[in-house]
Amino acid sequence: MSKIVGIDLGTTNSLVATVDSGIPYVIADASGRRLTPSVVHLGAAGQPVVGFEANRARALHPRETVYSVKRFMGRRGADIPREDMLVTYPVQGTGAGPVTIPVRGREWTPEEVSAEILRKLKTDAETALGVEVTRAVITVPAYFNDAQRHATIRAGELAGLKVERIINEPTAAALAYGLNKLQDQSKIAVFDLGGGTFDLTLLELNQGVFQVLSTHGNTRLGGDDLDTRLTEFLAVKIHEAGGPDLRRFGAAFRGGEAEAAPTPEDLQRIARVREAAEKSKISLSLETLTDVTLPFLTPQFSFRYQLSRSELEALTRDILLRTRTHCLQALADAKVDASQLDQVVLVGGQTRMPLVRALVTEWFGCREFEESRGDVRLGEDYHRPSGPLLNTGVNPDEAVALGAAIQAEILSGGMTNLLLLDVTPLSLGIETFGGLMNVIIPRNSTIPVKAGEVFTTAVDRQRSMLIHVLQGERERARDNWSLGRFDLDFEEAPKGVPRVGVQFEIDANGILHVLARDLKTGHQRIVDMKSAVDVSDADVQKMIEESVEHAFDDLKARQWIEAKVRAGETLAATRKGLAEHGAELDEAYRRRVETAMQAVEAALETEESRTRVGDAARLKGANQGLDEATLQLAELMMDRAMEEMLRKQGMIQ
Ligand code: AMP
Numbered sequence: 083m084s085k086i087v088g089i090d091l092g093t094t095n096s097l098v099a100t101v102d103s104g105i106p107y108v109i110a111d112a113s114g115r116r117l118t119p120s121v122v123h124l125g126a127a128g129q130p131v132v133g134f135e136a137n138r139a140r141a142l143h144p145r146e147t148v149y150s151v152k153r154f155m156g157r158r159g160a161d162i163p164r165e166d167m168l169v170t171y172p173v174q175g176t177g178a179g180p181v182t183i184p185v186r187g188r189e190w191t192p193e194e195v196s197a198e199i200l201r202k203l204k205t206d207a208e209t210a211l212g213v214e215v216t217r218a219v220i221t222v223p224a225y226f227n228d229a230q231r232h233a234t235i236r237a238g239e240l241a242g243l244k245v246e247r248i249i250n251e252p253t254a255a256a257l258a259y260g261l262n263k264l265q266d267q268s269k270i271a272v273f274d275l276g277g278g279t280f281d282l283t284l285l286e287l288n289q290g291v292f293q294v295l296s297t298h299g300n301t302r303l304g305g306d307d308l309d310t311r312l313t314e315f316l317a318v319k320i321h322e323a324g325g326p327d328l329r330r331f332g333a334a335f336r337g338g339e340a341e342a343a344p345t346p347e348d349l350q351r352i353a354r355v356r357e358a359a360e361k362s363k364i365s366l367s368l369e370t371l372t373d374v375t376l377p378f379l380t381p382q383f384s385f386r387y388q389l390s391r392s393e394l395e396a397l398t399r400d401i402l403l404r405t406r407t408h409c410l411q412a413l414a415d416a417k418v419d420a421s422q423l424d425q426v427v428l429v430g431g432q433t434r435m436p437l438v439r440a441l442v443t444e445w446f447g448c449r450e451f452e453e454s455r456g457d458v459r460l461g462e463d464y465h466r467p468s469g470p471l472l473n474t475g476v477n478p479d480e481a482v483a484l485g486a487a488i489q490a491e492i493l494s495g496g497m498t499n500l501l502l503l504d505v506t507p508l509s510l511g512i513e514t515f516g517g518l519m520n521v522i523i524p525r526n527s528t529i530p531v532k533a534g535e536v537f538t539t540a541v542d543r544q545r546s547m548l549i550h551v552l553q554g555e556r557e558r559a560r561d562n563w564s565l566g567r568f569d570l571d572f573e574e575a576p577k578g579v580p581r582v583g584v585q586f587e588i589d590a591n592g593i594l595h596v597l598a599r600d601l602k603t604g605h606q607r608i609v610d611m612k613s614a615v616d617v618s619d620a621d622v623q624k625m626i627e628e629s630v631e632h633a634f635d636d637l638k639a640r641q642w643i644e645a646k647v648r649a650g651e652t653l654a655a656t657r658k659g660l661a662e663h664g665a666e667l668d669e670a671y672r673r674r675v676e677t678a679m680q681a682v683e684a685a686l687e688t689e690e691s692r693t694r695v696g697d698a699a700r701l702k703g704a705n706q707g708l709d710e711a712t713l714q715l716a717e718l719m720m721d722r723a724m725e726e727m728l729r730k731q732g733m734i735q
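In terms of my numbering, the sequence shown has 726 at position 644, counting the first letter as 1, and numbering is strictly consecutive.
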């Protein structure tokens with residue numbers, strides 16, 4: 083079967099990614115570039131040009147170069163806001179009719195233009211992987227409606243790709259961050275600020291599946307707006323420095339028609355300034371100062387300006403502040419308070435800007451995640467001191483594509499091992515008194531993981547303890563799967579005295595190592611069980627379904643067994659007390675104790691032979707009656723034991 087790739091078909095940039103040996107990565111084109119500008123130049127001759135070359139053509143051939151076509155996908159002319167129509171290429175479409183882009187005598191549909199981008203990504207992937215690529219997972223914004231999703235599938239088909247699945251961009255990002263391993267009901271905000279669009283999506287994890295709680299955003303707000311603002315600023319500085327006056331082409335900076343008709347030279351200059359603006363914006367994410375240099379903007383004029391990060395921040399702050407309303411709206415729609423979020427994930431190249439991170443941190447009350455890679459240890463032992471975690475572990479501009487690749491790999495069946503390796507599919511524990519399952523590592527714990535408990539004996543003079551290792555979700559040992567059993571020997575001792583520490587450790591390969599140690603002597607045994615994660619999906623499903631189906635019976639069984647173990651202990655202790663001190667008791671009290679014992683014995687007889695479960699409530703009541711009845715006896719036993727001890731120590735005669 084052919085490889086399925088993951089594709090982020092973005093408004094500004096598109097990426098194709100795959101998974102190799104369990105590691106997702108973005109595929110570079112023949113020049114080593116990982117981002118492909120979502121720009122298609124429909125030139126006079128031959129094939130359309132896609133990507134960087136098309137982007138360069140944009141300045142000189144604005145009417146034949148299509149960008150941001152994603153805004154038109156699956157939309158009727160009547161639905162498109164006027165400002166979206168403000169592009170440098172012609173767009174037709176009114177009423178219920180689809181949008182078309184008439185260029186050089188041909189009417190292109192948005193799907194056809196998108197298909198050109200997809201075709202390039204397909205070819206890049208084929209060149210890099212050396213195999214034909216015919217299947218893909220493609221991402222779309224969470225707010226895309228059915229028609230927009232279908233248009234995306236159609237674009238894939240036109241490019242020769244069978245679209246195996248369309249997934250939401252925030253979901254893909256969450257997958258790339260490994261957030262599917264968080265606890266159930268975890269809430270995540272995905273803050274996605276790309277080149278041309280912004281959206282904030284709230285997701286909730288339910289049984290490994292992300293559900294969109296709400297999404298809000300602006301399809302005309304992104305890094306491009308910052309570039310425009312900076313370009314306008316630089317145009318002023320260029321003019322002040324005695325250079326060409328590019329200020330009057332302001333609208334052209336914003337992708338609209340300029341008031342004055344620019345010459346081809348002007349257009350080229352604007353493109354150069356804009357390119358320099360974006361470049362310096364990007365360097366100011368790392369540096370605090372950068373040099374903007376534009377040699378020979380005209381034959382007589384070269385431009386140089388030192389731009390600081392604080393200058394950029396002051397220039398663009400108001401644009402970034404516009405994202406806040408959308409965040410608040412999404413939270414309000416989902417009726418979620420920021421403090422209830424577990425994580426805020428940053429997606430989109432523009433979120434690399436420090437000011438964006440600072441604003442998000444402030445708005446959501448986040449704490450920063452200290453490690454640079456994805457937090458894979460957010461399993462059971464994850465405690466949140468306060469506020470959601472700001473997760474910046476994955477390249478924000480690659481996260482969506484990487485998540486699509488992970489989804490693709492899951493669909494190809496290649497990732498099952500990897501995913502199963504990452505969490506324990508079923509609970510692991512040991513059998514304890516009365517045949518109950520005592521869970522040590524709960525299901526869905528992130529591995530590697532280590533956990534332990536201390537156990538003791540229920541019977542006097544026991545010389546060893548059987549460690550019976552179990553896997554499953556049922557209350558009774560016999561209903562779970564047995565992974566193995568071994569004995570740990572220790573010195574003979576009264577019941578309840580030996581202390582045996584049992585530790586389970588699952589290593590990164592999913593192998594369960596069970597250690598049992600006599601805490602008194604340090605004597606221990608370590609036994610490796612079979613892979614604790616090597617369970618088929620179907621078996622896991624069956625076990626979970628059975629645990630749900632039998633939940634009520636299992637609970638009754640656990641209550642019965644616990645009461646029965648308790649009854650065994652108190653009956654034995656009472657018999658011992660009566661045998662040793664019965665003569666000291668008055669007749670009436672003695673009879674009262676015996677009656678209470680009989681009540682417990684009678685309750686024990688309610689156990690049915692078939693189910694091995696009896697009337698737990700009655701037995702619990704009888705246990706309680708016996709506890710109360712034996713209070714006086716227990717005190718007497720304690721007094722006698724104390725006297726015995728003091729006598730041994732020579733303190734009394
Ligand atoms: P995307 O749509 O996710 O590819 O994001 C593209 C936007 O991110 C463009 O506006 C880029 O200029 C911007 N961008 C990419 N890298 C950085 C960076 N390091 N700092 C600031 N903005 C960046």
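In this text, a Cβ means the ideal position worked out from N, Cα and C, and glycines have one as well.
- One thing to note: G277 has its Cβ no nearer than 9 Å to the Cβ of T301.
- Its chain contains S546 and L548 as the residues whose beta carbon lies nearer than 6 Å to that of D569, once the 5 sequence neighbours on both sides are disregarded; these appear in chain order.
- Excluding residues up to 5 positions away in sequence, G156, V222 and I248 lie with their Cβ nearer than 8 Å to the Cβ of R231 in the same chain.
- The closest CA to that of Q714, considering only S365, L728 and G664, is found on G664.
- For the set R648, L168, L287 and A353, the Cα lying nearest the Cα of V541 is the one of R648.
- About 11 Å separates the Cβ atoms of L316 and R351, ruling out a contact at the 8 Å cut-off.
- Inclusion of L701 and V682 in the CB contact set at 9 Å is warranted, their separation being smaller than that value.
- Along the length of the region 264 to 338, whole alpha helix (DSSP H) runs at least 4 residues long occupy 305 to 322 and 332 to 335, reported in chain order.
- In this structure, V245 has its CB at a distance of at least 8 Å from all heavy atoms of the ligand AMP.
- Around the beta-carbon of D571, fewer than 16 other beta-carbon atoms lie within 10 Å, marking it exposed.
- Under the Cβ criterion (8 Å, minimum of three pairs), the region 195 to 204 counts as touching the region 128 to 138.
- With a cut-off of 8 Å, the C-beta of V427 is classified as distant from the ligand AMP, since no heavy atom of the ligand falls inside that distance.
- Rounded to the nearest angstrom, the Cβ distance from E535 to V584 is 6 Å, consistent with a contact under 8 Å.
- Secondary structure remark: continuous beta strand (DSSP E) runs of at least 3 residues inside the region 407 to 443, in chain order: 425 to 429.
- Distance from the CA of L601 to the CA of L594, rounded to the nearest whole angstrom, comes to 21 Å.
- For G517, the CB contacts under 8 Å within the same chain, skipping 5 residues up- and downstream, are R558, A559, R560 and I643 in chain order.
- At a Cβ-Cβ threshold of 9 Å, G238 and L275 do not count as neighbours.
- Taking C-beta atoms as the reference points, I86 and S494 count as a pair closer than 9 Å.
- Counting only runs that start and end inside the region 358 to 391, the beta strand (DSSP E) elements of at least 3 residues fall at 371 to 380 and 383 to 390.
- Taking 9 Å as the cut-off, the beta carbon of V418 is found no closer than this to the beta carbon of C448.
- If you draw a straight line from the Cα of E357 to the Cα of Q265, it comes to about 44 Å.
- For Y671, the uninterrupted alpha helix (DSSP H) run begins and ends at E669 to L686, by DSSP.
- Taking C-beta atoms under 8 Å as the contact rule, V294 and D206 fail to qualify, at a distance of about 30 Å.
- Only exposed fits P346, as fewer than 16 other CB atoms lie within 10 angstroms of its CB.
- In the displayed model, K85 falls within coil according to three-state DSSP, outside both helix and strand.
- For A620, the three-state secondary structure derived from DSSP is helix.
- Annotation: L484 to R330 spans about 42 Å, alpha carbon to alpha carbon.
- As computed with DSSP, W190 is found in a beta bridge with I183.
- Between the C-alpha atoms of A141 and Y149 there is a straight-line separation of about 12 Å.
- Taken from the Cβ of S362, every heavy atom of the ligand AMP lies 8 Å or farther away.
- Excluding sequence positions up to five before and after L565, its CB lies within less than 8 Å of the CB of L510, V551, L552, Q553, L594, M611, K612 and A614, all in the same chain and listed in chain order.
- Short of 6 Å from the beta carbon of D415, and not among the five residues preceding or following it, lie these beta carbons of its own chain, in chain order: S296.
- For V101, the enclosing beta strand (DSSP E) starts and ends at N95 to D102.
- Under the three-state reduction of DSSP, L565 is assigned to strand.
- For a cut-off of 8 Å, the C-beta gap from F292 to L285 is around 5 Å, short enough to register as a contact.
- According to DSSP, T514 shares a beta bridge with L518.
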